[in-house]
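Novice: Counting with our numbering, you get residues 21 to 266 for the letters of the sequence shown.
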Amino acid sequence: MNITNREQNTVERRSYSLTYNEHFIKIGTQNIKGFNIIDKQLVSFYLYRTEHLLDIIGITETKTKKNENKILSKNHKKNIINQNNNNIDADDEPQPTRDFNEYYQTWWSGKEENFQGAGVGLAIKKELATRVYKIDQIDGRALMADIQLKQKIKIRIIVLYMPADPKHEIERAMLITKIEAWIKQGLSDNKKIIVMGDLNADPDKLEILKKDYPKRKVKDKYKIISMLNNNRIFDSQIGINEKRKT
């Protein structure tokens, strides 16, 4: 399929624009199940930018180590240096670059131990990233970003990946306490709260359990959902799907 210059310019404007889709900022999240291979990184971000037109992306289960945090936010060199004379060989093939860092500001949080079941990332379009004024993290589990928009609108984005292993009860309890503190602090500052990621707990199953066994104690893995509900954080995906049905 041939694309004219005019059509190409339209595609480029769409992928850069924060107001392309009826003046909404497009936000998405994905459990990536490993983000160590650069080809996978490039393809994923290409789809985020050109197919889904996402402005803010939460990425979970990257399976990255803590020392990879800064590496993921930088581009690789475009050419391989000849080891014999330290000059670029014209016959050498160029290395792939993390060109997504030209379009998105990215933050990453890996973990030194048990990194295979952890790791989170946050990517924000460069135009919007200039409005980020605070970043916080919990190693390999959560990233938090505060964004100041026009008309004094403040947004707190939280990307979260809860441990899947039932043995990590103590870590889950710590995460819930910290995430709730972020939420409560944000609400007290009149921020709009967005929590996204992978909770490793099914809210639909929790509702069924509460209905069928109202006196039974809530299982540990569902406590994160209970905490979010108690702080009036609702599942936007359910709301959107219900609207589509009507």
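The beta carbon of each residue, even a glycine, is placed where N, CA and C say it ideally should be.
Which runs of the alpha helix (DSSP H) fall wholly inside the region 36-81 and span at least 4 residues, in chain order?
Specialist: 58-66
Novice: Figure out for me which residue from W128, A184, E71 has the closest Cα to the Cα of K86.
Specialist: Checked all of W128, A184, E71; the closest Cα to K86 is W128.
Novice: Quick check: what's the CA-CA separation for D222 versus R118?
Specialist: 34 angstroms
Novice: So I244 packs on L219, CB below 8 angstroms; how close in whole Å?
Specialist: Yes, I244 and L219 are in contact; Cβ-Cβ is about 5 angstroms, under 8 angstroms.
Novice: Could you check the C-alpha separation between H72 and Q50 for me, to the nearest Å?
Specialist: 12 angstroms
Novice: Does the distance from the C-beta atom of G130 to that of V179 stay below 7 angstroms?
Specialist: no
Novice: Given 8 angstroms as the limit, is there contact between the region 150-166 and the region 57-68, that is, 3 or more CB pairs closer than that?
Specialist: no
Novice: Using C-beta distances below 8 angstroms, list every residue in its chain close to N121, excluding the 5 sequence neighbours before and after it, in chain order.
Specialist: Excluding positions up to five away in sequence, the list reads S93, K94, N95.
Novice: Applying the 10 Å Cβ sphere with the 16-neighbour rule, what's the burial state of D185?
Specialist: Of the residues assessed, D185 falls on the exposed side of the cut-off, its CB having fewer than 16 other CB atoms within 10 angstroms.
Novice: Sort L248, P183, Y123, R151 by Cα distance to I213 and report the nearest one.
Specialist: L248
Novice: Going by the beta-carbon positions, is the gap between I155 and A165 smaller than 7 angstroms?
Specialist: yes
Novice: In chain order, what residues of the same chain have a beta carbon less than 8 angstroms from the beta carbon of E42, not counting five sequence neighbours either side?
Specialist: Low per-residue confidence applies at E42: pLDDT is 49, beneath 50, and the placement is therefore not dependable, though the value from the model is reported in the following sentence. No residues qualify anywhere along the chain.
Novice: Please report how far the alpha carbon of K198 lies from the alpha carbon of L163, in whole angstroms.
Specialist: 11 angstroms
Novice: Let me know the secondary structure DSSP gives I108 once reduced to three states.
Specialist: Low confidence applies here, because I108 scores a pLDDT of 46, under 50, leaving its location unreliable; read the following figure in that light. If DSSP states are grouped into helix, strand and coil, I108 belongs with the strands.
Novice: Who are D182's beta bridge partners in DSSP?
Specialist: The sequence shown places Met at residue 182, rather than the Asp named in the question. M182 is not bridged to any residue.
Novice: By how many angstroms is the C-alpha of I203 removed from the C-alpha of N29?
Specialist: Reliability fails at N29, whose pLDDT of 46 lies under 50, so the model's placement of it is uncertain and the value that follows must be treated cautiously. Cα to Cα, the separation comes out at about 40 angstroms.
Novice: Assign D232 to buried or exposed, taking buried as 16 or more other Cβ atoms, counted over all protein chains shown, within 10 Å of its Cβ.
Specialist: The residue is exposed, with fewer than 16 neighbouring Cβ atoms inside 10 Å.
Novice: Measuring only the C-alpha atoms, how far is K145 from F65?
Specialist: 11 angstroms
Novice: With 16 other CB atoms within 10 Å as the buried threshold, where does N89 fall?
Specialist: By the neighbour-count rule (16 or more Cβ atoms within 10 Å), N89 is buried.
Novice: Tell me whether the beta-carbon of Q168 lies closer than 7 angstroms to the beta-carbon of R151.
Specialist: yes
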